[in-house]
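Participant:
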Ligand SMILES: [Zn+2]
Ligand SMILES: [Zn+2]
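Numbering (my numbering), first residue to last: 6 to 281.
(1) Report, in whole angstroms, the separation of the C-beta atoms of residue 253 and residue 86, which I expect to be a contact under 8 Å.
(2) Determine the extent of the alpha helix (DSSP H) in which residue 275 is found, giving its start and end residues.
(3) Quick one: any contact between the segment 164–173 and the segment 135–143, if contact means 3 or more CB pairs under 8 Å?
(4) In chain order, what residues place their C-beta within less than 5 Å of a heavy atom belonging to ligand 2?
(5) State the beta-bridge partners of residue 121 as determined by DSSP.
(6) Can you give the Cα-Cα distance for residue 165 and residue 151, rounded to whole angstroms?
(7) Applying the criterion that 16 or more other CB atoms from any shown protein chain within 10 Å of the CB defines a buried residue, is residue 97 buried or exposed?
(8) Taking C-beta to C-beta, are residue 105 and residue 72 nearer than 8 Å?
(9) Return the CA-CA distance between residue 37 and residue 6, expressed in angstroms with no decimal places.
(10) Quick one: Cα of residue 167 to Cα of residue 132, how far?
(11) Are residue 127 and residue 199 close, meaning C-beta to C-beta below 8 Å?
(12) Is it buried or exposed, residue 89, if we count other Cβ atoms within 10 angstroms and call 16 or more buried?
(13) With distances taken from each beta carbon to the nearest heavy atom of ligand 1, which residues come in below 5 Å, in chain order?
(14) Just the C-alpha distance for residue 28 and residue 280, rounded to the nearest angstrom, thanks.
(15) By a C-beta neighbour count over all protein chains shown, 10 Å radius and 16 as the cutoff for buried, is residue 262 buried or exposed?
(16) Check this for me: beta carbons of residue 50 and residue 271, under 8 Å apart or not?
(17) With the cut-off set at 8 Å, would you say residue 203 and residue 212 are in Cβ contact?
(18) Tell whether a beta-carbon distance below 8 Å holds between residue 116 and residue 225.
(19) Which same chain residues, not among the five before or five after residue 146, have their C-beta less than 6 Å away from its C-beta?
(20) For residue 95 and residue 243, I'd like the C-alpha separation in whole angstroms.
(21) Apart from the five residues on each side of it in sequence, which residues of its chain come closer than 7 Å, Cβ to Cβ, to residue 119?
(22) Could you tell me whether the Cβ atoms of residue 181 and residue 239 are closer together than 8 Å?
Spelled out as structure tokens, the structure:
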């Protein structure tokens, strides 16, 4: 049994899993077995299992727990990086928590996930200024027109109209997200497939050559720019320059993202062993 299989049991948790045999993905395991196996996995591989459940959107608690565990881990390792070691005792945990939060967002992102539309900031529409022509006919002009009509004279109403152009702010549908406020995190070049035609090789060889997508390195989705994590850290402290971030803190941050992958693999291995 693998982690993926446990997902449906979490959704079923509240409705009680029946203990009848064959109710599970694996015939040999009963609902109770599965619940016990999940509990043991959580115990043995807390960070990886919580991270996985958080990633799958099972519960907000799992996400919080995974981030807290990673922040704790980061705090125990960060003194290896001089710039982080120098942070004040009060600041350090805050910075680690922020890094862990971004690491989780990056880890849990997939081609199927969505992100807030940066064009409309998630609103789905943008404010635009338009000029509209307003016309009005003054009272005296109406009198003149009335009189003229009574006398049987030809009247062209537009000649008596006042025109002014009025600036108005209107809301228009955001074109980038079509008003949804969210856009797919899938890579623009390969649309989440991770594979794309290699233009250079295709030209050279005269036949389509498909390779790993260069834009996303075959991942299928775009990573969260690490500069966003840096910006968040800057809100807590100004002690880390962009240069220092790039040179020493970003590699540390990248390790935190990888840590989730490692821990998830560990949880997977534990679950397999428990349910073998
Ligand atoms: Zn938008
Ligand atoms: Zn791509």
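In this text, a Cβ means the ideal position worked out from N, Cα and C, and glycines have one as well.
Facilitator: Here's the rundown:
(1) 5 Å
(2) 255–279
(3) yes
(4) So the residues near ligand 2 by this Cβ test are 192, 194, 195, 218, 220 and 221.
(5) Beta-bridge pairing links residue 121 to 187.
(6) 12 Å
(7) buried
(8) yes
(9) Near 14 Å, if we compare the C-alpha coordinates of residue 6 and residue 37.
(10) 28 Å
(11) no
(12) buried
(13) Proximity to ligand 1 was defined by a C-beta distance below 5 Å to any of its heavy atoms, and the residues meeting it, in sequence along the chain, are 122, 124, 125, 179, 181 and 182.
(14) Note that residue 28 scores 45 on pLDDT, short of 50, meaning its location in the model is unreliable and no value can be drawn from it.
(15) buried
(16) yes
(17) no
(18) Inclusion of residue 116 and residue 225 in the CB contact set at 8 Å is warranted, their separation being smaller than that value.
(19) 165
(20) 14 Å
(21) 187, 188, 189 and 190
(22) Not in contact: residue 181 and residue 239 (Cβ atoms no closer than 8 Å).
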